[in-house]
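If you read the protein sequences in the order shown, they are chains A and X.
One point on numbering: in the working numbering, the residue at position 25 of the first sequence is 25, and numbering is uninterrupted.
One point on numbering: in the working numbering, the residue at position 63 of the second sequence is 174, and numbering is uninterrupted.
Heads up, the beta-carbon is just placed ideally off N, CA and C, and yes, glycines get one too.
On a predicted model such as this, the values are computed, not experimentally measured, just so you know.
2 protein chains.
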Amino acid sequence: MPTTADAFNAVAEPRRREILDLLATGERPVNDLVEQTGMGQPQVSKHLRVLREVGAVRSRDQGRRRLYRLEPEALRPIFEWVSPYQRLWEERFERLDDVLAEMKEGDGNDG
Amino acid sequence: MPTTADAFNAVAEPRRREILDLLATGERPVNDLVEQTGMGQPQVSKHLRVLREVGAVRSRDQGRRRLYRLEPEALRPIFEWVSPYQRLWEERFERLDDVLAEMKEGDGNDG
DNA sequence: TTGACGCATTCCTATATCGGTATATATTGA
DNA sequence: TCAATATATACCGATATAGGAATGCGTCAA
Numbered sequence: 001m002p003t004t005a006d007a008f009n010a011v012a013e014p015r016r017r018e019i020l021d022l023l024a025t026g027e028r029p030v031n032d033l034v035e036q037t038g039m040g041q042p043q044v045s046k047h048l049r050v051l052r053e054v055g056a057v058r059s060r061d062q063g064r065r066r067l068y069r070l071e072p073e074a075l076r077p078i079f080e081w082v083s084p085y086q087r088l089w090e091e092r093f094e095r096l097d098d099v100l101a102e103m104k105e106g107d108g109n110d111g
Numbered sequence: 112m113p114t115t116a117d118a119f120n121a122v123a124e125p126r127r128r129e130i131l132d133l134l135a136t137g138e139r140p141v142n143d144l145v146e147q148t149g150m151g152q153p154q155v156s157k158h159l160r161v162l163r164e165v166g167a168v169r170s171r172d173q174g175r176r177r178l179y180r181l182e183p184e185a186l187r188p189i190f191e192w193v194s195p196y197q198r199l200w201e202e203r204f205e206r207l208d209d210v211l212a213e214m215k216e217g218d219g220n221d222g
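Structural data, given as structure tokens:
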């Protein structure tokens, strides 16, 4: 089984991130997304379906349009999983700073 | 084409997140990961390969062992992509209006 | 009612990927 | 050299998914 249908998986697809980024600016009908992304309409609908299934978007009907809007909380598990790692790469930067400082001490400055 | 080989994709697989979480505590040989995760050795090696290819881990040889360690910066794009969304769901919490309006809203077609 | 629009779904094909098993490679030890 | 250990890779089968084309279905306009 390839990667369960969760937010991580939904967001692994660049096109879906693109869609989410567009929806982050506000509610939009499918056709808007089609135009903005340049993808085919069925593809957009299919991506939206995946996003809907993981709770990342929600839709409401308005006449013959279907307006989609973002449900940002669905992305929370991603944020919460990745956040602790941020500390690690920041520590690393600090260490690198130390290393660079040391190199600079015993060495002339160079570009 | 199924989702390019980037950090998002690497992390979409729960087993790989598990491996990263283990490596977050320190450098480990493959066999350690095999034991900790309960997966088969080839599976672990294959997941490690994916993680290596996106720069999320690095290895060094020590005798007949190969020690893997985390390269947390590889996860940075994920953090940076998802972070702005955090503001959105937090705003949502703060704005009781929105929450109430949503509970009241009965016309969404999925819920 | 007819026709156009907006969207979802279905069918199709190509490709990826996962898990499992077997095997290849390299290292260590006797 | 042979055996054992540690890891990577190749191969296999099953499944999933992306994209495209066609189609279904509801809605608006006349």
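Within 8 angstroms, do at least three Cβ pairs link the stretch 8–17 of chain A to the stretch 119–128 of chain X?
yes
Rounded to whole angstroms, what is the Cα-Cα separation between residue 193(X) and residue 183(X)?
16 angstroms
Spatial neighbours of residue 41(A) within its chain, please: C-beta separation below 6 angstroms, excluding the five flanking residues on both sides.
34
Residue 28(A): which of 43(A), 70(A), 55(A) sits nearest, CA to CA?
Distance check between residue 28(A) and each of 43(A), 70(A), 55(A) places 70(A) closest, using alpha-carbon atoms only.
Could you list which residues in chain A have their beta carbon closer than 8 angstroms to that of residue 189(X), in chain order?
78, 82
Closer than 7 angstroms: is that where the CB of residue 132(X) sits relative to any heavy atom of the ligand FAD?
Questions concerning the ligand FAD fall outside what the structure shown contains, since it holds no ligand whatsoever.
Pick from 135(X), 127(X), 197(X): whose alpha carbon is nearest that of residue 88(A)?
135(X)
Cβ of residue 138(X) less than 8 angstroms from any chain A Cβ?
no
Rounded to whole angstroms, what's the CA-CA distance from residue 17(A) to residue 187(X)? Just pull it up for me.
Approximately 16 angstroms between the Cα atoms of the pair.
Take residue 58(A) as the anchor and find which of 19(A), 4(A), 99(A), 100(A) has the nearest alpha-carbon.
19(A)
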